[in-house]
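*Asks:* Residue numbers (the numbering used here): 62 to 123. We put the beta carbon where it would ideally sit given N, CA and C, even for glycine.
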């Protein structure tokens with residue numbers, strides 16, 4: 062899988078998680094721990110996207 066396609070897949074997962082977080086927050090029965098777990102997963106995906114972008118940029122410069 063190319064870096065660009067991997068990055069596109071991560072963007073999709075990131076957006077899906079955001080929608081899942083929004084849905085969970087709209088329902089008062091969802092516990093805060095579950096929302097926190099979703100937010101941590103979303104942040105991990107964002108961190109991975111940033112690492113890929115940095116690797117891609119360093120490849121472009123060399």
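1) Please state if the CB of residue 95 and the CB of residue 71 are separated by a distance shorter than 8 Å.
2) Go through its chain and collect everything with a Cβ distance to residue 67's Cβ below 7 Å, but skip five positions before and after it.
3) Any idea what DSSP makes of residue 119, helix, strand or coil?
4) By alpha-carbon positions, which one of 81, 69, 75 ends up nearest to residue 106?
5) To the nearest angstrom, report how far apart residue 73 and residue 98 are at their CA atoms.
*Replies:* Based on what the coordinates show:
1) Within the chain shown, residue 71 is the residue found at index 10, counting from 1. Within the chain shown, residue 95 is the residue found at index 34, counting from 1. Not closer than 8 Å, so no.
2) For this step, residue 67 is matched to residue 6 along the chain shown. Correct list, in chain order: 113.
3) Along the chain shown, read from residue 1 onward, the residue named residue 119 stands at position 58. It is helical.
4) Looking up residue 106 in the chain shown gives position 45. Ranked by Cα distance from residue 106, the first of 81, 69, 75 is 75.
5) Walking along the chain shown from the start, residue 73 turns up at place 12. Walking along the chain shown from the start, residue 98 turns up at place 37. Taking the straight line joining both Cα atoms gives about 18 Å.
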